[in-house]
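J.: I'd like to ask some things about the structure below.
If you want it as structure tokens, here you go:
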């Protein structure tokens, strides 16, 4: 089997992060896959392949949409802001899985930061 492409490796890291949240595994494990996710995204972006990551902004997975919105904010600020807004307004009552509570909170914090400092993610 050949070497895996950075996009495949990025998708694996994103799925692993979601799995870690679902299973309530350690923050250090979650952060380990954050580092991997960032590494593969950086390599793709440096190769001008961010458009290949963009379809993940439409993922059925809330966790993946959140992560990818953070990765691609610089390239798609309006779309990514809408994703953060959508996630920040979700609740367990409206179908947000309980294990994604921190993703919702992080979305709210990102939006607050954007409102007070437009240049923070650019």
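Residue numbers (the numbering used here): 5 to 126. Using N, Cα and C, we set each Cβ at its ideal position, and we do this for glycine too.
Excluding the 5 residues flanking residue 73 on each side, which residues of the same chain have their C-beta closer than 7 Å to its C-beta?
T.: Taking the chain shown and counting its residues from 1, one reaches residue 73 at position 69. Non-local beta-carbon contacts of residue 73 in its own chain, meaning distances under 7 Å to residues more than five positions away in sequence, involve 61, 84, 87, 88 in chain order.
J.: Just to confirm the assignment, what range does the alpha helix (DSSP H) spanning residue 96 have?
T.: Here residue 96 refers to the residue found at position 92 when the chain shown is read from its first residue. No alpha helix (DSSP H) contains residue 96, which DSSP labels as neither H nor E.
J.: Which ranges would you report for the alpha helix (DSSP H) in the stretch 19-71 if only whole runs of at least 4 residues count?
T.: Whole alpha helix (DSSP H) segments, 4+ residues: 31-50, 54-57.
J.: Could you round the C-beta distance between residue 51 and residue 80 to whole angstroms and report it? I think they count as a contact, below 8 Å.
T.: Along the chain shown, one-based indexing puts residue 51 at 47. Along the chain shown, one-based indexing puts residue 80 at 76. With a Cβ gap of about 18 Å, residue 51 and residue 80 do not count as contacting.
J.: Flag this pair as touching only if the stretch 89-99 and the stretch 32-43 have three or more C-beta atom pairs under 8 Å; answer yes or no.
T.: no
J.: I'd like to know whether the C-beta of residue 8 is nearer than 8 Å to at least one C-beta of chain B.
T.: Going by chain labels, chain B is absent from the structure shown, which holds only one protein chain.
J.: Mapping DSSP to helix, strand and coil, what is residue 81?
T.: As a first step, residue 81 is located in the chain shown; it is residue number 77 there, counting from the start. Reduced to three states, the DSSP call for residue 81 is helix.
J.: Using a threshold of 8 Å, state whether the C-beta atoms of residue 48 and residue 76 are closer than that.
T.: Numbered from its first residue, the chain shown carries residue 48 at position 44. Numbered from its first residue, the chain shown carries residue 76 at position 72. Contact flag unset, no.
J.: What are the boundary residues of the alpha helix (DSSP H) that includes residue 113?
T.: Counting from 1 along the chain shown, the entry for residue 113 is found at position 109. Element bounds for residue 113: 105-120.
J.: Reducing DSSP to helix, strand and coil, say where residue 125 ends up.
T.: Taking the chain shown and counting its residues from 1, the one referred to as residue 125 is at position 121. Residue placement at residue 125 is poorly supported in this model, since its pLDDT is 49, which falls under 50; the coordinates are not used for a value here.
J.: State the Cα-Cα distance for the pair residue 41 and residue 119, rounded to the nearest angstrom.
T.: On the chain shown, position 37 is the one that residue 41 refers to. On the chain shown, position 115 is the one that residue 119 refers to. If you draw a straight line from the Cα of residue 41 to the Cα of residue 119, it is about 26 Å long.
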